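In this text, residue positions in the sequence shown follow this note's numbering: the first is 148, and each later residue adds one. C-beta: ideal position from N, C-alpha, C; glycine also. Remember, it's a predicted structure, so these values are computed and weren't measured experimentally. This report concerns only the one structure given below.
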Amino acid sequence: AAFLAAASVCSYASAFAPSPRSASARQQLTRVNVATGLPNVGGMLTNLGGGGSDNNKEPERPGALIDLDGIAFSGLQGKALSLTTADFPSSGTVRSVIPADCFEPETAKSLGCLAVSVVGTALCTAFGFSALSVVDPANILTLPFWLAYSVVTGTVAMGLWVLAHECGHGAFSKDRKLQDTVGYVLHSLFLVPYYSWQRSHAVHHRYTNHMELGETHVPEDKDSDPNVKLYDAFDLRNTLMEKFGDDQGIKVWGGLAAFLHLIVGWPAYLLIGATGGPDRGMTNHYYPYPMTDPKQPKKELFPGNWKEKVYQSDIGVGVVAAGALTWAACNGIPEMMAIYGGPLIVVNAWLVLYTWLQHTDVDVPHFTDDDHNFVKGAFHTIDRPYDKLDPWGAIDFLHHKIGSTHVAHHFDSTIPHYKAQVATDAIKENFPEIYLYDPTPIPEALWRVCKGCAAVEKRGEYYIWNNKDVKDELLQTE
């Protein structure tokens, strides 16, 4: 979308003047007002030659001029599209409104939260082992039982992942040895190299919604070289819609996107850097050197001493992997997958779900290096109503509110989760124009993203999701 931070109408017009399509392009531009996300009807009429009046004066801080053609709206109602660079404060300004105590981890509280997740996961696992003598996982007829067990156990164990993630950020404890020990052990149990992901996830925070250097869920550029794509998502979606009809085709595409992200996505990211920053080349979290030549060699994922740390992380993963293989060799693959493999897949799916929805929706843009900065990226994170995912808020509790307070976490990842709500409230109160919260229920938001976020295209200086070929009603959640 064509986002412009200029203060005058003349500067907006000049920014779109250089091409032969300037006259028609200006007619298609709509000013989206800051804080409301709603199109400025007066501006639309003016651009279309309908004139204006005193009632349609520009707001004191005008929203961006955007070509809305093909852009669907999420529950954010285009709010992210309304923001210009001038709307984002400095990092120091944001930090100053957050209570100082929010940046101080408390070891006792962190260990208490860890105990909740450890005990919950242990109880589920103990139940699984006790069921082995009654419900043989080698019998295909018991698959529904073990699928249900995996969903429950994996959902509970996701709390362990959240705390492991906090260790990597330095939000678990001021005791560095304790923090790294907990983080290393937990990451290894999930077959994730601790220091490797500590580094790559810090990069993800630094370059949130960055098209070239972002880590995880960097969208496919519709107009990029087809020779570097595994497949063309935009063309594949259109092909499925042509083959099965619009209504069924978009559902087939949505199901495929869900499977590729939630099931395949996490191991693909660890092994080949899938959806990682393209300018770093193909990466592997278990091997510290780029697997293909990066466009920006100075921005490699694991520079300097991080290479040795990657190998140190591999030791823990290797021990756990060897244990799982030995288990499978002694007791059979079905038992190992039922007790360990199935819940692990569910944990991975939760991880991808959170990360995907925190940074992706049909009206949330991505940026090039010229237009990206840390605060701008952090405030394009989306908080969502995970507390309403079940009637009791149990999942949000078990997952330590990682999805409902993630904007604050992305601004400063050293804020422990049990202080993130206070930080979130401060951000909402002081920066309501730029804080993003989508009230869409999680299953509906996920389905909209699966269907509507295939590939982005460059408009002006920004990248937007183009859904011009998809009827609006096919992306609606109601």
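- In the DSSP assignment, residue 455 falls outside any beta strand (DSSP E) and within the unbroken alpha helix (DSSP H) covering 453–478.
- Around the beta carbon of residue 477, fewer than 16 other beta carbons lie within 10 angstroms, which makes this residue exposed.
- A residue is called buried once 16 or more other Cβ atoms fall within 10 Å of its Cβ, and residue 386, having fewer, is exposed.
- In its chain, beyond the 5 residues on either side, 347, 348, 350, 351, 354, 423, 424 and 448 have a beta carbon closer than 8 Å to the beta carbon of residue 362.
- When only Cα atoms are considered, residue 216 and residue 615 end up about 7 Å apart.
- Taking residue 502 as the centre and dropping the five residues before and after it, the same chain places the C-beta of 363 and 364 closer than 7 Å to its C-beta, in chain order.
- Look at residue 513 here: in three-state DSSP terms it is strand.
- Looking from the CA of residue 444, the closest CA among 360, 327, 550 and 366 belongs to 360.
- A direct Cα-to-Cα measurement between residue 389 and residue 406 gives close to 21 Å.
- Burial of residue 592 is indicated by the presence of at least 16 other C-beta atoms within 10 angstroms of its C-beta.
- As the crow flies, the alpha-carbon of residue 255 is around 12 Å from that of residue 318.
- Between residue 303 and residue 545, the CB-CB gap stays under 7 Å.
- DSSP places residue 313 within a helical segment (H, G or I) once states are collapsed to three.
- Less than 7 Å separates the beta-carbon of residue 464 from that of residue 335.
- Shown here for residue 271: same chain residues with a beta carbon closer than 7 Å to its own, the five before and five after excluded, namely 299, 300 and 303 in chain order.
- Between residue 408 and residue 509, the C-beta spacing is not below 7 Å.
- Residue state for residue 436 is assigned as coil, using DSSP reduced to three classes.
- With respect to the 7 Å criterion, residue 369 and residue 608 are not classified as neighbours on the basis of their beta carbons.
- Per DSSP, the unbroken alpha helix (DSSP H) holding residue 397 starts and ends at 393–406.
- Taking 7 Å as the cut-off, the Cβ atoms of residue 264 and residue 306 count as close.
- For residue 539, no alpha helix (DSSP H) encloses it, and the DSSP letter there is neither H nor E.
- In this structure, the straight-line span from the alpha carbon of residue 438 to that of residue 539 is close to 46 Å.
- Between the C-alpha atoms of residue 517 and residue 596 there is a straight-line separation of about 26 Å.
- The three-state secondary structure of residue 605, taken from DSSP, is strand.
- Bounds of the alpha helix (DSSP H) holding residue 521 are 521–525.
- Each residue's CA atom was taken as its position, placing residue 524 and residue 227 some 11 Å apart.
- For residue 562, the CB contacts under 7 Å within the same chain, skipping 5 residues up- and downstream, are 249, 250, 318, 555, 556 and 570 in chain order.
- Judged by beta-carbon spacing, residue 466 lies beyond the 7 Å limit of residue 308, meaning their Cβ atoms are not closer than that value.
- Cβ neighbours of residue 279 within its own chain (closer than 8 Å, five residues either side excluded): 482, 485 and 486.
- Residues 533, 534, 564, 567 and 568 of the same chain have their beta carbon placed closer than 8 Å to that of residue 548, with the five preceding and five following residues left out of the count.
- Membership of residue 361 in any alpha helix (DSSP H) is not indicated, and neither H nor E is assigned to it by DSSP.
- Within the DSSP bridge table, the entry for residue 431 names 434 as partners.
- Nearest in C-alpha terms to residue 260, of all of 283, 229, 320 and 276, is 320.
- Closest in C-alpha terms to residue 620, from the list 459, 252, 356 and 398, comes 398.
- For residue 447, no alpha helix (DSSP H) segment is defined, and its DSSP state is neither H nor E.
- Taking the C-beta atoms as reference points, residue 441 is found no nearer than 7 Å to residue 420.
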